[in-house]
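Structure first, then comments.
Number of protein chains: 4
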Amino acid sequence: MITIISGTNRSGSLTLRISQLYQELLATHGASAQILDLSHLPHDFAFSALYDKGGQNPAFTAFHQQAADSDKLVFIIPEYNGSFPGVLKTFLDGMPYPNPWKDCKAALVGISSGPQGAAPALSHFTDVLHYLGIHVLAHRVKMPFIEKSMADNYIQNENYLRQLNKQIESLLAF
Amino acid sequence: MITIISGTNRSGSLTLRISQLYQELLATHGASAQILDLSHLPHDFAFSALYDKGGQNPAFTAFHQQAADSDKLVFIIPEYNGSFPGVLKTFLDGMPYPNPWKDCKAALVGISSGPQGAAPALSHFTDVLHYLGIHVLAHRVKMPFIEKSMADNYIQNENYLRQLNKQIESLLAF
Amino acid sequence: MITIISGTNRSGSLTLRISQLYQELLATHGASAQILDLSHLPHDFAFSALYDKGGQNPAFTAFHQQAADSDKLVFIIPEYNGSFPGVLKTFLDGMPYPNPWKDCKAALVGISSGPQGAAPALSHFTDVLHYLGIHVLAHRVKMPFIEKSMADNYIQNENYLRQLNKQIESLLAF
Amino acid sequence: MITIISGTNRSGSLTLRISQLYQELLATHGASAQILDLSHLPHDFAFSALYDKGGQNPAFTAFHQQAADSDKLVFIIPEYNGSFPGVLKTFLDGMPYPNPWKDCKAALVGISSGPQGAAPALSHFTDVLHYLGIHVLAHRVKMPFIEKSMADNYIQNENYLRQLNKQIESLLAF
Chain B
15 MITIISGTNR
25 SGSLTLRISQ
35 LYQELLATHG
45 ASAQILDLSH
55 LPHDFAFSAL
65 YDKGGQNPAF
75 TAFHQQAADS
85 DKLVFIIPEY
95 NGSFPGVLKT
105 FLDGMPYPNP
115 WKDCKAALVG
125 ISSGPQGAAP
135 ALSHFTDVLH
145 YLGIHVLAHR
155 VKMPFIEKSM
165 ADNYIQNENY
175 LRQLNKQIES
185 LLAF
Chain L
15 MITIISGTNR
25 SGSLTLRISQ
35 LYQELLATHG
45 ASAQILDLSH
55 LPHDFAFSAL
65 YDKGGQNPAF
75 TAFHQQAADS
85 DKLVFIIPEY
95 NGSFPGVLKT
105 FLDGMPYPNP
115 WKDCKAALVG
125 ISSGPQGAAP
135 ALSHFTDVLH
145 YLGIHVLAHR
155 VKMPFIEKSM
165 ADNYIQNENY
175 LRQLNKQIES
185 LLAF
Chain C
15 MITIISGTNR
25 SGSLTLRISQ
35 LYQELLATHG
45 ASAQILDLSH
55 LPHDFAFSAL
65 YDKGGQNPAF
75 TAFHQQAADS
85 DKLVFIIPEY
95 NGSFPGVLKT
105 FLDGMPYPNP
115 WKDCKAALVG
125 ISSGPQGAAP
135 ALSHFTDVLH
145 YLGIHVLAHR
155 VKMPFIEKSM
165 ADNYIQNENY
175 LRQLNKQIES
185 LLAF
Chain X
15 MITIISGTNR
25 SGSLTLRISQ
35 LYQELLATHG
45 ASAQILDLSH
55 LPHDFAFSAL
65 YDKGGQNPAF
75 TAFHQQAADS
85 DKLVFIIPEY
95 NGSFPGVLKT
105 FLDGMPYPNP
115 WKDCKAALVG
125 ISSGPQGAAP
135 ALSHFTDVLH
145 YLGIHVLAHR
155 VKMPFIEKSM
165 ADNYIQNENY
175 LRQLNKQIES
185 LLAF
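Those sequence lines, one after another, are chains B, L, C and X. Take the first sequence: its letters are residues 15 to 188, numbered as in this note's numbering. Take the second sequence: its letters are residues 15 to 188, numbered as in this note's numbering. Take the third sequence: its letters are residues 15 to 188, numbered as in this note's numbering. Take the fourth sequence: its letters are residues 15 to 188, numbered as in this note's numbering.
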């Protein structure tokens, strides 16, 4: 099973829209996927589901267990303050130890309003995934100036679409 | 004003204890400091104080405004899953833009149960601080195997204490 | 074919000795490997084999072509000045474009005299390999205080040996 | 004294041209600077001036001693293979220990043909400089698509020029 993690809890985010488009692109390659949308996390999970509270918030547990059977992961990561969203990391900090995604294979997509395409975020996040024992596909897709690249609720930048399709081919073969 | 940020919301954390010891060490150098303890964040701040909700949670606003006048910062950062705690980054993601700490100078201290002393966390966090316009002292202190280095609620490792004192001298001169 | 890259040109290095031990460990798992020893690089390769001189130094070309058929790579990386050795990166900067190792799979081993085990070096190097299209095994082995962990020209630290064997199992299955 | 390090040994590089423009911009701010051009390194320095050969290549020693009295440094860093040039790091690996630039203050400028503006390179290089005890200015300037931003041997991108001038103001006040 492939799970796409929409890496922010911002409501109505472009990150969620890109996650849906990624799901559609996967479908054109014959692969089905579910989306794990971090905006559905319990609002107090950073206090009710972490550390000594690990496993004690049933809503949090149900949330990540939806994706427990995944063998491939796609993280759509917006750039916030020069790195990944704090909420995305907090979500991982709340997952059980050892992480149920150990030995999974992951593809990373970065988006940003500015010019970097979340490049530093993807680098930092690779360190996190490696720590958790999750393999990362070499081909990282970075989509800078994402707002300017969207129209009619779709990615208009041909290069971005080409890269996403190439990444999907690699992920399916990984 | 110097503010020490205790970089986790884990209650009763060693991070908070190290923050207090850092405050005491600063006092022996004639410098006073306050502690900003992330365990006092509003429990739902990741949903009630970020993005389009920016500035709308009075408790969150009051929390970070305590430290608005700082010109020097000390971040005590425990290593969680190969990087900084998600909550620490989420806290920064909720601060106003531009960040009130722009042009401040910061010292970083990493602690870990394992052997790395949060080295990758400090590297990632430097990228975040640079993005926010906060200067980072070259001398980063890393304290691996922190539990084994504590006794009587105090740091017993002479090398760690020497490094902390050296960092404090640099920070005061920075 | 598996190629082990001994990641420094320092003569008589511990890095080369670890490369040989890795080769022996691979043999106990039934896998054969060759060693590419950077101390055999032409001494002026940084000026005679890079950029507009790419492909013009036959000794440099012969050196990397020994390993052109590899599908798995092991990089033994000593920590120099908080990152990988400059010579290791210069070697990669001189290889043809696109890199013949594109789509290979790589395992990383870091060694250091000090406490970090080259953790930041492995993080930086992963960015480089990802750029070149080389997949990196999640399991990175870090061996701090390497001199103190050797005796009789062999690794005495049981934990290091256990980790190396685990990494080899992962690499062979990767 | 301010030293600008032109971070590659590629002959006739755009990096050297940007170094000269930076020197001219510094002059308009009333500050003089010299350029240390890595293309003037001895061709075999990676073998004749490092490790046990440290200090034994008089040409290498003379090269870095030109800049020994610097208190501020500017590194112009082109992106090669997802990081800084290997030669730049090799140069630092050959400098004396402790590094004569310890406690200096450094500004980083990244340039790239592609979209990243050497962002990961600047991140990696900050780790190296911090290791060496060199403070890094928070404001990093990244200039992607550099070739397209040049005409008449000058930077035409107004935003790049504005950022460089802002960085210079910060560096002079740092």
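Even glycine gets a Cβ: it sits at the ideal position worked out from N, Cα and C.
Asked	Found
Where X:Asp51 falls: helix, strand or coil (DSSP)	strand
Neighbour list for L:Gly11 in chain X, Cβ cutoff strictly below 8 Å	Lying outside 15 to 188, the shown extent of chain L, residue 11 of chain L is not represented and no answer is given.
Contacts of L:Thr140 in chain X (Cβ-Cβ under 9 Å)	Ser137, Thr140, Asp141, His144 and Val150
Short Cβ contact (9 Å threshold) for B:Ser84 with B:Ser53	no
Against chain X: residues of the stretch 80-103 of chain C by CB proximity under 8 Å	Tyr94, Asn95, Gly96, Ser97, Phe98, Pro99, Gly100, Val101, Leu102 and Lys103
Cβ-Cβ distance between X:Ala120 and X:Val101 below 9 Å	no
Nonlocal neighbours in the same chain, by C-beta distance under 8 Å from L:Thr104, ignoring five residues either side	Phe59, Ala60 and Leu64
Secondary structure, alpha helix (DSSP H): runs of 4+ residues fully inside the stretch 74-154 of chain L	100-108 and 133-145
Host alpha helix (DSSP H) of X:Thr42 (start-end)	Leu28 to Thr42
Distance CB(L:Pro114)-CB(L:Gly68) smaller than 9 Å	no
Rounded straight-line distance, which links the Cα of B:Gly21 to that of B:Ala76	18 Å
Interface positions of the stretch 109-139 of chain C facing chain L (Cβ-Cβ less than 8 Å), listed along the chain	Pro129, Gln130, Gly131, Ala133, Pro134 and Ser137
CB contact check: L:Phe61 to chain X, cutoff 9 Å	no
Alpha helix (DSSP H) runs wholly inside the stretch 160-188 of chain B, at least 4 long, in chain order	172-187
The alpha helix (DSSP H) enclosing C:Ser20, as first and last residue numbers	Counting along the chain, C:Ser20 falls outside any alpha helix (DSSP H), though it belongs to the beta strand (DSSP E) covering Ile16 to Ser20.
CA-to-CA distance, C:Lys156 to C:Asn267, given in whole angstroms	Nothing can be reported for residue 267 of chain C, as the shown portion of chain C is limited to 15 through 188.
Run of the alpha helix (DSSP H) containing B:Ala63, from where it starts to where it stops	Here B:Ala63 belongs to no alpha helix (DSSP H), and DSSP marks it neither H nor E.
Spatially closest choice to L:His153 from X:Gly147, X:Ala152 and X:Lys162, by CA coordinates	X:Gly147
Buried or exposed (CB count within 10 angstroms, at least 16 for buried), X:Ala41	exposed
Cα-Cα separation, B:Ile16 to B:Val88	8 Å
Backbone CA spacing between L:Asn95 and B:Leu106 [nearest angstrom]	8 Å
Identity of the residue in L:Ile182, L:Gly128, L:Ala82 and L:Pro99 nearest L:Lys116 by Cα	L:Ala82
Beta-carbon separation (whole angstroms), C:Val123 vs C:Ile32, contact threshold 8 Å	7 Å
Inter-residue CB distance, B:His138 and B:Ser97 (contact presumed, cutoff 8 Å)	5 Å
Contact check, B:Ile49 vs B:Ile19, beta carbons under 9 Å	yes
Any chain B beta carbon closer than 9 Å to L:His78	no
Neighbour flag for L:Arg24 against chain B, beta carbons, 9 Å	yes
Inter-residue CB distance, C:Ile169 and C:Ile125 (contact presumed, cutoff 8 Å)	About 10 Å separates the two Cβ atoms, so there is no contact after all.
Beta-carbon neighbours of X:His54, restricted to chain C and to distances below 7 Å	Here the premise fails: no neighbours, minimum Cβ distance about 11 Å.
For L:Pro129 and L:Pro158, believed in contact at Cβ under 8 Å, the rounded distance	5 Å
Cutoff 7 Å; reference L:Ala73; Cβ partners in own chain excluding five residues on either side	Pro56
Euclidean distance between Cα positions of C:Ala47 and X:Leu178	49 Å
Within-9 Å CB hit, C:Lys156 to chain L	yes
Proximal chain C residues relative to X:Asp107, where beta-carbon distance stays under 9 Å	Tyr94, Asn95, Pro99, Gly100 and Val101
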